[in-house]
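Asker:
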DNA sequence: TTAATACCTACCTTATTGGTAGGTATTAGT
DNA sequence: ACTAATACCTACCAATAAGGTAGGTATTAA
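Protein chains in written order, with my numbering: chain A, 1 to 145; chain E, 1001 to 1145.
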């Protein structure tokens, strides 16, 4: 089934949440995260580079190494994370970053609809940070426990 | 590139808009619409059945036949049209109609995020009708012309 | 020196997308 | 009755993307 958010974005987000929850300033091996999250380590290794290259996380090689968040969760916008891992959050091709302008754009009745949706989706994700999604469950746990 | 709305939903919407604009109570041959919209007739024929079976449009066979809207554009919600043609508007698999419940749903930090987005997207499309997208351009034309 | 880690690149399988091809059934006009 | 125009149906198909796997190399702590 065609999904808006693929495993790349979803897994990346879960990794970052895991880092926020388990990395107290130190480096967390991706192997641990892969096990906790039930995701293939090899697949994660293919997803992460875009996050290190764009200063979301940093990796330390060698024994005792791993990954950690560069910024505090409060400063990690979900929108940025997803745009990096998904490549784009455009709902239709003509709104993609590198799309060539559509010849019908002048007369197109649907373009404004897609544009409005794109704005809505991007604003939604940009209005949330890693801290928001981490906090959600902790608060619930504290309240019930 | 993976898009939220595929050609199925986009073409269907353009067909319905065309019907709203060109079908004054009568039947419009799909061939005409395909030519106006620059879409393959054969492909449209594969997309339309779900709309006829769900009482969005009705077809009349034979010479002089074609399609027409069953309800006035004001009563045709965009959400319904897209859910029919796209199958679903769920942003992730675990929110799809026929999805089996995820084993991690209890602990999942991201589920609420996707659920909130799904609500946002569905509400957005349910808040618009065919009349809204048709009207958009006509109003502009009247204002400038 | 060794074990554990990040980091890199090529390959692979499957499903989906976006169609095409070739018909049959039905109807209006002549 | 015949013909042309239409909806309607079903099988097939090529290209692409999704979701990985495999097999390495580079780096570092102990």
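The C-beta atom is built at its ideal place from N, Cα and C for all residues, glycine as well.
Buried or exposed for residue 14 of chain A, please, with buried defined as at least 16 other CB atoms from any protein chain shown within 10 angstroms of its CB.
Answerer: It is buried - the Cβ of residue 14 of chain A has at least 16 other Cβ atoms within 10 Å.
Asker: When the Cα atoms are used, what is the spatial distance from residue 71 of chain A to residue 1043 of chain E?
Answerer: Straight-line Cα distance between these residues: approximately 49 Å.
Asker: Rounded to whole angstroms, what's the CA-CA distance from residue 1016 of chain E to residue 1031 of chain E? Just pull it up for me.
Answerer: C-alpha separation (whole angstroms): 14 Å.
Asker: What residues of chain E sit near residue 110 of chain A, judged by a beta carbon separation below 8 Å?
Answerer: Chain E residues near residue 110 of chain A: 1010, 1013, 1014, 1017, 1133.
Asker: Three-state secondary structure (DSSP) at residue 57 of chain A?
Answerer: Strand at residue 57 of chain A.
Asker: Would the region 93 to 101 of chain A count as touching the region 47 to 61 of chain A if we require 3 or more Cβ pairs under 8 Å?
Answerer: Short answer: they don't touch.
Asker: Please specify which runs of the alpha helix (DSSP H), each continuous and at least 4 residues long, are wholly inside the region 65 to 145 of chain A, giving them in chain order.
Answerer: Runs found: 78 to 86, 111 to 126, 130 to 144.
Asker: Label residue 1060 of chain E either buried or exposed according to how many other C-beta atoms from any shown protein chain fall within 10 Å of its C-beta, with 16 as the threshold for buried.
Answerer: The residue is exposed, with fewer than 16 neighbouring Cβ atoms inside 10 Å.
Asker: Do you know offhand how far residue 145 of chain A's Cα is from residue 135 of chain A's?
Answerer: At residue 145 of chain A, the pLDDT of 46 sits below 50, so the modelled position is not reliable; the number obtained from the coordinates is stated separately. Cα to Cα, residue 145 of chain A sits roughly 15 Å from residue 135 of chain A.
Asker: Mind listing, in chain order, the continuous alpha helix (DSSP H) runs of no fewer than 4 residues lying wholly within the region 2 to 39 of chain A?
Answerer: You should have 7 to 22, 30 to 37.
Asker: Do residue 1012 of chain E and residue 1085 of chain E count as a contact pair if the criterion is CB distance below 8 Å?
Answerer: Going by C-beta atoms, residue 1085 of chain E is nearer than 8 Å to residue 1012 of chain E.
Asker: Relative to chain E, which residues along the region 99 to 123 of chain A have a C-beta separation below 8 Å, given in chain order?
Answerer: Going along the region 99 to 123 of chain A in chain order, one finds 104, 107, 109, 110, 112, 113, 114, 116, 117, 120, 121 with a Cβ nearer than 8 Å to chain E.
Asker: Leaving aside the five residues before and after residue 1034 of chain E along the sequence, list all residues of the same chain whose C-beta is less than 6 Å from its C-beta, in chain order.
Answerer: So the qualifying residues of the chain are 1041, 1044.
Asker: Taking only three categories from DSSP, how would you classify residue 42 of chain A?
Answerer: In the structure shown, residue 42 of chain A sits in a helix (DSSP, three-state: H, G or I).
Asker: Between residue 47 of chain A and chain E, is there a C-beta pair that is closer than 8 Å?
Answerer: Chain E, which has no Cβ nearer than 8 Å to the Cβ of residue 47 of chain A, makes this no.
Asker: Do you know whose CA, among A:73, A:7, A:21, A:77, lies nearest residue 48 of chain A's CA?
Answerer: The residue with the shortest Cα to Cα distance from residue 48 of chain A is A:7.
Asker: Can you tell me whether DSSP reads residue 1048 of chain E as helix, strand or coil?
Answerer: Residue 1048 of chain E falls in the coil class under three-state DSSP.
Asker: Spatial neighbours of residue 1076 of chain E within its chain, please: CB distance less than 6 Å, with the 5 preceding and 5 following residues excluded, ordered by chain position.
Answerer: Result list for residue 1076 of chain E: 1129, 1130, in chain order.
Asker: Compute the beta-carbon to beta-carbon distance between residue 1069 of chain E and residue 1020 of chain E, rounded to the nearest angstrom, for a pair I have assumed lies under 8 Å.
Answerer: Confirmed, about 6 Å.
Asker: Counting only beta-carbon atoms, is residue 1063 of chain E nearer than 8 Å to chain A?
Answerer: Not closer than 8 Å to any Cβ of chain A, the Cβ of residue 1063 of chain E fails to qualify, so no.
Asker: Which word fits residue 1009 of chain E, buried or exposed, when buried means at least 16 other C-beta atoms lie within 10 angstroms of its C-beta?
Answerer: Under this definition residue 1009 of chain E is a buried residue.
Asker: Here's a check: name, in chain order, each residue in its chain whose Cβ is nearer than 7 Å to the Cβ of residue 126 of chain A, leaving out the five neighbours to either side.
Answerer: 77, 79, listed in sequence order.
Asker: List, in chain order, every chain E residue whose beta-carbon is nearer than 8 Å to that of residue 128 of chain A.
Answerer: The contacting residues are 1113.
Asker: In whole angstroms, what is the alpha-carbon distance linking residue 3 of chain A and residue 64 of chain A?
Answerer: Taking the straight line from one Cα to the other gives about 37 Å.
Asker: Counting C-beta neighbours from all protein chains within 10 Å, is the total for residue 1018 of chain E 16 or more, i.e. buried, or is it exposed?
Answerer: Under this definition residue 1018 of chain E is a buried residue.
Asker: Determine the closest residue to residue 1083 of chain E out of E:1110, E:1074, E:1123, with distance taken between C-alpha atoms.
Answerer: Among E:1110, E:1074, E:1123, the Cα nearest to that of residue 1083 of chain E belongs to E:1123.
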